[in-house]
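Worksheet: one structure, shown below.
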Amino acid sequence: MTKTQTWIAKEAKYCAANYHPLPVVLKQGKEEWLWDIEGKRYVDMMAAYSAVSLGHCHPRLLKVLMEQAQLLNVVSRAFHTDKLLPFLEKICQLSGMEMALPMNTGVEAVETAIKAARRWGYEKKGISDEKAQILVAKNNFHGRTITAVSFSSRKSYKQHFGPFTPGFVEIPFGDTEALKQAITPQTCAFLVEPIQGEAGIIFPPKGWLKACQQICNQHQILFILDEIQTGLARTGKMFAFEHENVISDGLILGKALGGGILPVSLFLTRKEVMSVFTPGSHGSTFGGNALAARLGLEVLTLIEEESLVERSRQLGDYFLQALKQIQHPLIKEVRGKGLFIGVEVQGAARKVCEKLMELGVLTKETHDTVIRFAPPLTIQKDSLDFVLGQFEKALIALS
Ligand SMILES: *Cc1c(COP(=O)(O)O)cnc(C)c1O
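Going from the sequence shown to the working numbering is simple: count from 1 and add 2.
Right under this line is the structure:
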């Protein structure tokens with residue numbers, strides 16, 4: 003057995019098997035590069051599902067992390083700290099939202115959005131108690147808590163985890179008529195990803211999000227976008243909603259917000275909605291801690307200073323066009339915006355990813371049909387060219 007095989011076999015003794023990782027054991031990362039315990043180097047084309055949008059171990063992030071860690075980390079929001087305000091002020095300016103509520107993981111911010119929407123429904127819209135409904139899209143992904151999987155379409159996410167949280171109604175993603183039909187006087191919100199990430203990087207029809215915004219406005223329904231994966235320059239705009247000039251009532255951020263170092267998430271909305279939270283109604287011991295807030299502010303600063311929106315758009319266009327040039331019977335479709343790209347290869351995605359790993363490129367399949375290419379936005383063009391070459395080799399090797 004190789005060192006890697008031995009390690010993986012031992013880990014399986016202690017670690018739950020709720021993931022099916024590629025057989026590689028990583029020990030170091032820098033920018034878009036990763037190294038395994040055998041000393042082999044890879045290009046990271048996954049960026050931890052967009053959490054590592056700024057690249058691994060960004061020196062500026064490490065610097066503020068060390069500085070802040072020596073000053074103050076966690077006091078819980080039982081007290082104020084001097085780091086939360088600058089972070090929240092900056093993200094409100096960038097997103098056009100009025101207020102933000104800090105949490106840690108993405109799904110916690112999703113849960114926060116759901117709580118806000120329900121309370122707003124009861125207290126501002128006048129929905130009768132316990133009756134509020136939230137519309138969601140088919141094949142959504144909003145995280146793994148009981149509530150978030152309650153409205154998942156995937157059996158594997160739900161099986162034997164019930165009973166589930168009621169109050170969610172599913173509509174097909176991209177279907178304007180279905181949205182209109184599903185609305186009742188009890189509907190308080192429509193929660194949706196502007197581009198479905200885990201479903202396989204799925205784009206709605208052009209104009210759909212704008213239509214959703216208008217329908218939600220007409221019916222006094224909160225239009226809440228989960229941009230945990232698509233936000234913060236991933237798709238070639240700071241937020242995916244900018245592609246259609248959509249104005250939402252709520253926005254959920256996470257993943258890249260923590261610079262690939264800490265979990266940092268936010269639910270953002272208007273003052274009128276956020277005001278439903280009163281002391282004692284919601285909280286998180288670690289949410290909004292000084293270390294996370296300092297890091298989050300630096301992430302936002304770096305996205306601007308390193309022109310990552312531009313990089314994502316330009317490199318994404320380049321990589322997408324180059325992928326589309328590749329002719330191979332396995333490839334069914336190539337789609338993407340910015341550096342958020344999916345290649346549909348019916349049933350062969352795992353095999354391609356395993357081959358790519360051998361060839362020094364790390365990425366992960368989604369549901370065995372889609373290979374995702376979503377590298378750090380700081381990636382060098384040379385690295386993308388290397389990936390293109392290796393991808394062609396992988397396809398040839400498999401045919
Ligand atoms: C990853 C993700 C989540 C969940 O985030 P966690 O940090 O894993 O809890 C929620 N929504 C979307 C769209 C995601 O991509």
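Virtual Cβ for every residue (Gly too), placed ideally from N, Cα, C.
Just checking residue i against ligand 1 - is the residue's beta carbon closer than 7 Å to any of the ligand's heavy atoms?
| i | result |
| --- | --- |
| T237 | no |
| V109 | yes |
| F243 | no |
| G289 | no |
| Y51 | yes |
| H144 | yes |
| G344 | no |
| E367 | no |
| V372 | no |
| E195 | yes |
| G391 | no |
| G261 | no |
| V112 | yes |
| E200 | yes |
| I333 | no |
| Q2 | No information on residue 2 is available, as it lies outside the stretch 3 to 401 that the chain covers here. |
Using the C-alpha atoms, what's the distance from residue j back to residue i?
| i | j | result |
| --- | --- | --- |
| C355 | V363 | 8 Å |
| H144 | A150 | 6 Å |
| E200 | L64 | 29 Å |
| K157 | Q216 | 32 Å |
| H369 | A350 | 10 Å |
| L86 | E360 | 44 Å |
| T232 | F192 | 17 Å |
| S97 | L310 | 16 Å |
| F241 | G252 | 13 Å |
| K140 | I197 | 12 Å |
| K395 | F388 | 11 Å |
| K92 | A49 | 24 Å |
| L90 | W210 | 30 Å |
| K133 | G123 | 9 Å |
| V66 | P377 | 23 Å |
| N142 | L255 | 16 Å |
| G57 | V248 | 29 Å |
| F166 | Y159 | 12 Å |
Sort the options by Cα distance to residue i and report the nearest one.
| i | options | result |
| --- | --- | --- |
| D177 | I226, V194, Q161 | V194 |
| G391 | G338, A191, R352, F321 | F321 |
| G289 | T186, V54, S78 | S78 |
| M47 | F393, L90, T303 | F393 |
| R146 | E132, R120, Y51, E113 | E113 |
| V138 | K32, C214, W35 | C214 |
| L293 | E69, T371, C59 | E69 |
| L317 | L325, G340, I148 | G340 |
| S277 | S401, L297, P207, E125 | E125 |
| S314 | V27, S52, L299, K29 | S52 |
Would you please verify whether the beta carbon of residue i is less than 8 Å from any beta carbon of chain B?
| i | result |
| --- | --- |
| G145 | Given the protein chain composition of this structure (a single chain), no chain B is represented. |
Is the closest heavy atom of ligand 2 to the C-beta of residue i under 7 Å?
| i | result |
| --- | --- |
| E172 | You won't find ligand 2 in this model; what it holds is ligand 1. |
The region 90 to 108 touching the region 265 to 272, judged by at least three CB pairs closer than 8 Å: Verdict: yes, contact present.
State whether the region 166 to 186 contacts the region 291 to 310, with contact taken as three or more CB pairs (one from each stretch) at a distance under 8 Å. With contact defined as three or more Cβ pairs closer than 8 Å, the region 166 to 186 and the region 291 to 310 are not in contact.
Contact the region 115 to 133 vs the region 218 to 230: 3+ CB pairs below 8 Å: Contact check between the region 115 to 133 and the region 218 to 230: three or more CB pairs, one atom from each, fall below 8 Å, which counts as touching.
Are at least three pairs of beta-carbons, each pair with one atom in the region 13 to 26 and one in the region 332 to 343, less than 8 Å apart? The region 13 to 26 makes no contact with the region 332 to 343: fewer than 3 CB pairs, one atom from each, lie closer than 8 Å.
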